[in-house]
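Asks: One structure, as structure tokens, below. Some questions next.
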Amino acid sequence: QQWYRLAVTLVIVLMSTHWVVGKYQRWRRSQRGWYLMLQESKHRALILPPECVHEAPLRSPITRVTRKVMRKISRHTANGGDNHPIISIDPSFLPDDASPLLVFVNSRSGGQLGGYLTSQLKQNLNPLQVVDLHKTDPKFALRLFSNLPKLRIMVCGGDGTVAWILQALEELVEIDPKPPVGILPLGTGNDLARVLGWGG
Numbered sequence: 001q002q003w004y005r006l007a008v009t010l011v012i013v014l015m016s017t018h019w020v021v022g023k024y025q026r027w028r029r030s031q032r033g034w035y036l037m038l039q040e041s042k043h044r045a046l047i048l049p050p051e052c053v054h055e056a057p058l059r060s061p062i063t064r065v066t067r068k069v070m071r072k073i074s075r076h077t078a079n080g081g082d083n084h085p086i087i088s089i090d091p092s093f094l095p096d097d098a099s100p101l102l103v104f105v106n107s108r109s110g111g112q113l114g115g116y117l118t119s120q121l122k123q124n125l126n127p128l129q130v131v132d133l134h135k136t137d138p139k140f141a142l143r144l145f146s147n148l149p150k151l152r153i154m155v156c157g158g159d160g161t162v163a164w165i166l167q168a169l170e171e172l173v174e175i176d177p178k179p180p181v182g183i184l185p186l187g188t189g190n191d192l193a194r195v196l197g198w199g200g
């Protein structure tokens, strides 16, 4: 599908021209700002606009599921407390043609490739869309993005990483229907990709 081809093309370009692309993008960001710059890209429909992201205090009216998420955040935050903000996503600000991409990356997969890919993807998407599984529980990110229409998921990692995300999706019954999932093999354990003829 088109969203998957765009996502894979983005990753390939980042991995193959990392020095030149990275230096040029840093310069353009300093001149124009990241979102204005990315609006000219071919993958702009995959980007979550910054105006969709809001912060709310912990004592604001929230759902039961969000309360559980916020308690978890507060426990893992050194300065947690009643005034610690929580991020929410408002889909009403999405462009009509948007298909936001949520990317899960195992930063420890593929030697140094996982960490590098995480860094580069954050420069080409809204950083909130790139989840480092070494630092963040996938269920938190899935709940955060669950209200977005036409959400797409990309998993960058080996078989264990893919199984982890699919299991998390299965356990979150509130996410229905399930969004389509694309896989980018990364690491050594890529039997699924080999069997399906995706390389790896």
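Numbering (the UniProt record's numbering), first residue to last: 1 to 200.
We treat Cβ as the ideally placed atom computed from N, Cα and C, and that holds for glycine.
Are at least three pairs of beta-carbons, each pair with one atom in the region 159 to 173 and one in the region 118 to 125, less than 8 Å apart?
Replies: no
Asks: CA-CA distance, L113 and I175?
Replies: Walking along the sequence shown from the start, residue 113 turns up at place 113. Walking along the sequence shown from the start, residue 175 turns up at place 175. In this model, L113 and I175 are separated by some 31 Å (Cα to Cα).
Asks: Closest to T136 by C-alpha separation, out of A163, N147, S107, would be which residue?
Replies: What you label residue 136 is simply residue 136 of the sequence shown in a count that begins at 1. Minimum Cα distance to T136 is reached at S107.
Asks: Hey, F93 and P49: beta-carbon distance below 8 Å or not?
Replies: Your numbering for residue 93 matches position 93 in the sequence shown. Your numbering for residue 49 matches position 49 in the sequence shown. For F93 and P49, yes; Cβs fall inside 8 Å.
Asks: What's the call for Q2, buried or exposed, on a 16-neighbour Cβ count within 10 Å?
Replies: Within the sequence shown, numbered from 1, the residue matching residue 2 stands at position 2. It counts as exposed.
Asks: Who pairs with C156 in a beta bridge, going by DSSP?
Replies: Along the sequence shown, read from residue 1 onward, the residue named residue 156 stands at position 156. For C156, which the question treats as bridged, DSSP gives the partners V105, L184.
Asks: Ends of the beta strand (DSSP E) at D132?
Replies: To locate residue 132, count along the sequence shown from 1; it is residue 132. Taken as a continuous stretch (DSSP letters only), the beta strand (DSSP E) holding D132 covers 130 to 132.
Asks: Select from W164, P185, P180 the residue whose C-alpha is nearest the C-alpha of C156.
Replies: Taking the first residue of the sequence shown as 1, we reach residue 156 at position 156. Cα-wise, what sits closest to C156 is P185.
Asks: Quick check: what's the CA-CA separation for D132 versus P138?
Replies: Looking up residue 132 in the sequence shown gives position 132. Looking up residue 138 in the sequence shown gives position 138. The straight-line gap from Cα to Cα measures roughly 9 Å.
Asks: Tell me the residue span of the alpha helix (DSSP H) that contains R143.
Replies: Locating residue 143 in the sequence shown gives position 143, counting from the first residue. From DSSP, the alpha helix (DSSP H) with R143 extends over 138 to 145.
Asks: Going by beta-carbon coordinates alone, are L102 and Q129 separated by less than 8 Å?
Replies: Here residue 102 refers to the residue found at position 102 when the sequence shown is read from its first residue. Here residue 129 refers to the residue found at position 129 when the sequence shown is read from its first residue. Yes, the pair counts as a contact, with Cβ atoms nearer than the cut-off.
Asks: If you count every other CB in all the chains shown that lies within 10 Å of the CB of A163, and 16 or more means buried, which is it?
Replies: On the sequence shown, residue 163 is found 163 positions in, with the first residue counted as 1. The residue is exposed, with fewer than 16 neighbouring Cβ atoms inside 10 Å.
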